[in-house]
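Under UniProt numbering, the first residue of the sequence shown carries the number 1, and numbering increases by one thereafter.
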Amino acid sequence: MNRRKETTMSAYQDAFDFAATEPELFWKQQAQSISWFRFPETILSNDEHGIERWFADGELNTAYLALDYHVDNGRGDQTALIYDSPVTGKKARYSYRVLRDQVAKTAGMLASLGVEKGDRVVIYMPMIPEAAMAMLACARLGAIHSVVFGGFAPSELAVRIEDAEPKVVLTASCGVEVSKVIPYKPLVDQAVMDSRWKPDSVVVFQRKECLADLNQARDIDWVTLFNRSAPHDCVPVKATDPLYILYTSGTTGKPKGVVRDNGGHAVAMKYSMESIYNVKPGEVYWAASDIGWVVGHSYIVYAPLIHGCTTIMYEGKPVKTPDPAAFWRVCEEYGVSILFSAPTAFRAIKKEDPEGALLTAFPMKKLRTIFMAGERLDPPTLEWVETKTQRPVVDHWWQTETGWAIAGNPLGLETFDLKPGSATKAIPGYQVEVLNELGEQQAMNEQGYIAIKRPLPPSCLPTVWRNHDRFESGYLSQFPGYYVSGDGGYIDEDGYLFVMGRIDDVINVAGHRLSTGEMEEVVGAHEAVAECAVIGIHDDLKGQLPLGLVVLKDGYVSENGAIEAELLQQVRAKIGAVACFKRALIVDRLPKTRSGKILRRVIRQIADGEQYVVPSTIDDPSSLNEIEKALY
């Protein structure tokens, strides 16, 4: 889809330069757009570790910003939250006033169990309204929540309970998937048994699909406790007090607890809704994700509500609930203005409905823009979505550690021309550079380490929970003065950032450093390919060689290896013989995390015959067996 620049270059450049040269004044102005109990006098300072902190002497409450503020300012009757669950057939709407009242009582419920400011609460729940209420209730009390994706293995939940040391665990009796019900209570019981830390209480929200046995002394029925609890007011917290801990996988195998503060997070959330997503209060904003991931924290719960939008909690999948038109149905039914999901969701839709035939039944007249993040957006998926939906697609790049976009197309400032494969430009507040191994700035179009010059903008993690040394060694020590993202890429002559994947995904073929992301781009462009992954496997002669794993669109079959041969020729023609791309395997599916990221490292370990650990985040462990079968 062709796109012209809608404004002059000045709006973005002015904001970018302002944030880069006068960060304190820039972010002071952004802080004025939210309601503080005590507006900060100190905008930027350093803590005892020398880490930059934003708005240190400011006081606020995130739940107040998300709910009470709107009720107090005449938006109480507007729908705040829509719940849509195709797996159970349930739908519900909550106004700002009703949601505030429910959250206030949920906070009272926690307070009755002794939860106070600074205490931790682990939330292990499916995509139901009570999960969002639990998060907001913790924020209301000044307690620190840690959401663990519902269905995670007990061993993984136990590790997080040990690290966070929660006073209370909030859970539901079960999660509901497309074809099965997953009882949660036995998983929680096992996790608590395995953990050295024991919570005082486990509160269970009973779902009729599977009732839990409350047979431990610490077990409490959610509804019973809720009904006898009094509403609780918002507790003022410092801007630098933690709002939540969110665990992300670590290279050592022990998850890292990313800490998010209250003040910087709220300011960044508000700014991002205006500058990046260009959405207005009152509009419907849908992040089709899960609250177990950072996208769900930032853009299902906090940012839309702080901004006064209507947000959607969707308990379903992009396909099979009931068909690949699920996303289009939700957008049409609720008048969604902005849709945000991961590329893997749209690849799943494309695989089952390659011609987009089911789209025609859903005009989606209010849908303006589709945003994607969470993994590299391959150009074929970008082209398919834009062509079939006739809506512009914005690829933007960010991380759990930042909580909001590092680079994107800032539609609230101006709209830049699209460059497939690029996340467009650094968002004001982020000074993104590409460095070589010596920490020197790379020339234009030269690949290297993507790093962010400090100070990092508001919302970015100030530490790792209970392990500050790990924060310093993992993110700050490689290049002093910079945060190292762990991703590789380059910046072109127009200042566009191209994120080519994790640094681990750059392979060395006979001394040539080659990007597997670039090869995936070429393979994915084939008309028969729904999705693919290219990894580097060990080779005694050349060090590494690329291997392609390919999932075909429905209706395509490779006869006598014809498609594989075409893929090898395509890579040779586009990248050259230097790529040594000589092997492509067709598989039924790729192993992925629940958030849709392809498990490239595990695939590489399987291909190299190494021992591997099945990640806790895997969506379907049996997919690894298929890879082993295809390889051997």
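All C-beta atoms in this analysis are idealised placements derived from N, C-alpha and C, irrespective of residue type, glycine included.
Requested in this report: On a CA-only basis, which of Y556, D494 and K198 is nearest M217? Give me that one, please.
Outcome: If you number the sequence shown from 1, residue 217 lands on position 217. It should be pointed out that residue 217 corresponds to Ala in this sequence rather than to Met. Out of Y556, D494 and K198, K198 has the C-alpha closest to the C-alpha of A217.
Report task. Counting only the same chain and skipping the five closest in sequence on each side, list residues whose C-beta sits under 7 Å from that of V499. Result -> Taking the first residue of the sequence shown as 1, we reach residue 499 at position 499. Here the set comprises R376, W397, A423, I450, D487 and G489.
Query - Cβ shell of E24 (< 8 Å), same chain only, five flanking positions each side left out - result: Here residue 24 refers to the residue found at position 24 when the sequence shown is read from its first residue. Same-chain partners within the cutoff: I43 and L44.
Requested in this report: Determine the DSSP secondary structure at K91, reduced to helix, strand or coil.
Outcome: Taking the sequence shown and counting its residues from 1, one reaches residue 91 at position 91. Three-state DSSP puts K91 in a strand.
Requested in this report: Please check if any C-beta of chain C sits within less than 8 Å of the C-beta of A191.
Outcome: Going by chain labels, chain C is absent from the structure shown, which holds only one protein chain.
Report task. Whole angstroms is fine: what's the gap from S515's alpha carbon to P40's? Result -> If you number the sequence shown from 1, residue 515 lands on position 515. If you number the sequence shown from 1, residue 40 lands on position 40. When rounded, the distance between both Cα atoms is 45 Å.
Query - Extent of the continuous alpha helix (DSSP H) run through residue 661 - result: This structure cannot speak to residue 661, because the chain is shown only from 1 to 632.
Query raised in the report: Is it right to say Q611 is buried, meaning 16 or more other beta carbons lie within 10 angstroms of its own, or is it exposed?
Result: As a first step, residue 611 is located in the sequence shown; it is residue number 611 there, counting from the start. That one is exposed.
Requested in this report: Can you tell me which of A361, V550, P462 and V284 puts its alpha carbon nearest to the alpha carbon of E531?
Outcome: Translated into positions along the sequence shown, residue 531 becomes position 531. It is V550 whose Cα lies nearest to the Cα of E531.
**Report entry** Among I312, L170, E209 and G282, nearest to V176 - alpha-carbon criterion
**Finding:** Within the sequence shown, numbered from 1, the residue matching residue 176 stands at position 176. Closest option to V176, Cα to Cα, is E209.
Query raised in the report: Closest by CA to Y83, which one among T311, N73, A443 and G421?
Result: Here residue 83 corresponds to residue number 83 of the sequence shown, with the count starting at 1. Looking at T311, N73, A443 and G421, the one whose alpha-carbon comes closest to that of Y83 is T311.
Query - Whole-angstrom C-beta distance between S112 and S229, which should lie under 8 Å - result: One-based indexing of the sequence shown puts residue 229 at position 229. One-based indexing of the sequence shown puts residue 112 at position 112. Rounded, the Cβ-Cβ distance is 5 Å, consistent with contact.
**Report entry** M313 in three-state terms, based on DSSP
**Finding:** By one-based count along the sequence shown, residue 313 stands at place 313. M313 falls in the strand class under three-state DSSP.
Query raised in the report: Which residues bound the alpha helix (DSSP H) around R100?
Result: By one-based count along the sequence shown, residue 100 stands at place 100. That run of the alpha helix (DSSP H) goes Y96 to S112.
Query - Sequence-distant residues of its chain with Cβ nearer than 8 Å to M519 (five each side left out) - result: Stepping through the sequence shown from its first residue, residue 519 is reached at position 519. Non-local C-beta neighbours of M519 in its own chain, meaning closer than 8 Å and more than five positions away in sequence, comprise V534, P546, G548, V571, I575, A579 and F581, ordered along the chain.
Query raised in the report: Of the choices L435, A565, W465 and H538, whose alpha-carbon is the least far from that of I503?
Result: Sequence index remark: in the sequence shown, residue 503 carries index 503 (1-based). Considering only alpha carbons, the answer is L435.
Report task. Find out if the Cβ-Cβ distance for the pair A158, S201 is shorter than 8 Å. Result -> Along the sequence shown, read from residue 1 onward, the residue named residue 158 stands at position 158. Along the sequence shown, read from residue 1 onward, the residue named residue 201 stands at position 201. The answer is no: Cβ separation not under 8 Å.
Requested in this report: Write down the C-beta distance between E626 and I606 rounded to the nearest angstrom, noting that I regard them as a contact closer than 8 Å.
Outcome: Along the sequence shown, one-based indexing puts residue 626 at 626. Along the sequence shown, one-based indexing puts residue 606 at 606. Not really, about 11 Å apart at Cβ, beyond 8 Å.
Query raised in the report: Roughly how many whole angstroms lie between the Cα atoms of M364 and S85?
Result: The sequence position of residue 364 within the sequence shown is 364, counting from 1. The sequence position of residue 85 within the sequence shown is 85, counting from 1. When only Cα atoms are considered, M364 and S85 end up about 19 Å apart.
Query raised in the report: Which term fits T251, buried or exposed, when burial requires 16 or more other beta carbons within 10 angstroms of its beta carbon?
Result: Within the sequence shown, numbered from 1, the residue matching residue 251 stands at position 251. The predicted position of T251 is uncertain, since its pLDDT is 47 and thus under 50; no value can be drawn from it.
Query raised in the report: How big is the Cα-Cα spacing for R93 and A131?
Result: Translated into positions along the sequence shown, residue 93 becomes position 93. Translated into positions along the sequence shown, residue 131 becomes position 131. So the two alpha carbons sit approximately 15 Å from each other.
**Report entry** Contact set for L456: own chain, Cβ-Cβ below 6 Å, skip 5 residues either direction
**Finding:** In the sequence shown, residue 456 corresponds to position 456, counting from 1. Excluding sequence neighbours, L456 sits near Y483.
**Report entry** Span of the alpha helix (DSSP H), counted from its first residue to its last, around Q30
**Finding:** If you number the sequence shown from 1, residue 30 lands on position 30. Q30 -> alpha helix (DSSP H) spans P23 to A31.
**Report entry** Secondary structure, beta strand (DSSP E): runs of 3+ residues fully inside the stretch 364-414
**Finding:** Taking only runs of at least 3 residues, the beta strand (DSSP E) segments lying wholly in the stretch 364-414 are 369-372, 393-395 and 405-408.
Query raised in the report: CB M135 to CB H145, shorter than 8 Å?
Result: By one-based count along the sequence shown, residue 135 stands at place 135. By one-based count along the sequence shown, residue 145 stands at place 145. Yes, they are a contact pair.
Query - Delimiting residues of the beta strand (DSSP E) encompassing G257 - result: One-based indexing of the sequence shown puts residue 257 at position 257. For G257, the enclosing beta strand (DSSP E) stretches over residues K256 to D261.
Query raised in the report: Short check: CB of A407 to CB of K425, under 8 Å?
Result: Locating residue 407 in the sequence shown gives position 407, where the first residue counts as 1. Locating residue 425 in the sequence shown gives position 425, where the first residue counts as 1. Less than 8 Å separates the beta-carbon of A407 from that of K425.
Requested in this report: Take the Cβ of G308 as the centre, count every other Cβ of all protein chains shown within 10 Å, and call the residue buried at 16 or more, exposed below.
Outcome: Within the sequence shown, residue 308 is the residue found at index 308, counting from 1. Label assigned to G308: buried.
Query - Length of the line joining the Cα atoms of Q13 and I427 - result: Indexing the sequence shown from 1 puts residue 13 at position 13. Indexing the sequence shown from 1 puts residue 427 at position 427. For Q13 and I427, the distance between alpha carbons rounds to 10 Å.
Query raised in the report: What residue from D323, G282 and A573 has the CA that sits closest to L359's CA?
Result: As a first step, residue 359 must be located in the sequence shown, where it is residue number 359. That would be D323, whose Cα lies nearest to the Cα of L359.
Requested in this report: Please specify which runs of the beta strand (DSSP E), each continuous and at least 3 residues long, are wholly inside the stretch 127-181, giving them in chain order.
Outcome: Listed in chain order, the complete beta strand (DSSP E) runs (minimum 3 residues) inside the stretch 127-181 are 144-147, 168-172 and 174-176.
Query raised in the report: Whose C-alpha, out of A239, E355, T106 and S179, is nearest the C-alpha of G555?
Result: Mapped onto the sequence shown, residue 555 falls at position 555. Of the listed residues, the one whose Cα sits closest to G555 is E355.
Query - Rounded C-alpha distance that separates residue 711 from V385 - result: Shown here, the chain extends from 1 to 632; a query on residue 711 therefore has no answer.
**Report entry** Distance between beta carbons of Y247 and T171, contact taken as under 8 Å
**Finding:** Taking the sequence shown and counting its residues from 1, one reaches residue 171 at position 171. Taking the sequence shown and counting its residues from 1, one reaches residue 247 at position 247. With a contact defined as Cβ atoms closer than 8 Å, T171 and Y247 miss out at about 16 Å.
Query raised in the report: What residues in its chain sit with their C-beta under 8 Å from that of D77, if we drop five residues either side in the sequence?
Result: Counting from one through the sequence shown, the residue named residue 77 turns up at place 77. If the five residues before and after D77 are omitted, its C-beta is found closer than 8 Å to the C-beta atoms of S95, Y96 and R97, all from its own chain and listed in chain order.
Query raised in the report: What residues match up with Y449 in a beta bridge as DSSP calls it?
Result: Numbered from 1 along the sequence shown, position 449 holds the residue referred to as residue 449. Beta-bridge pairing by DSSP links Y449 to L435 and G488.
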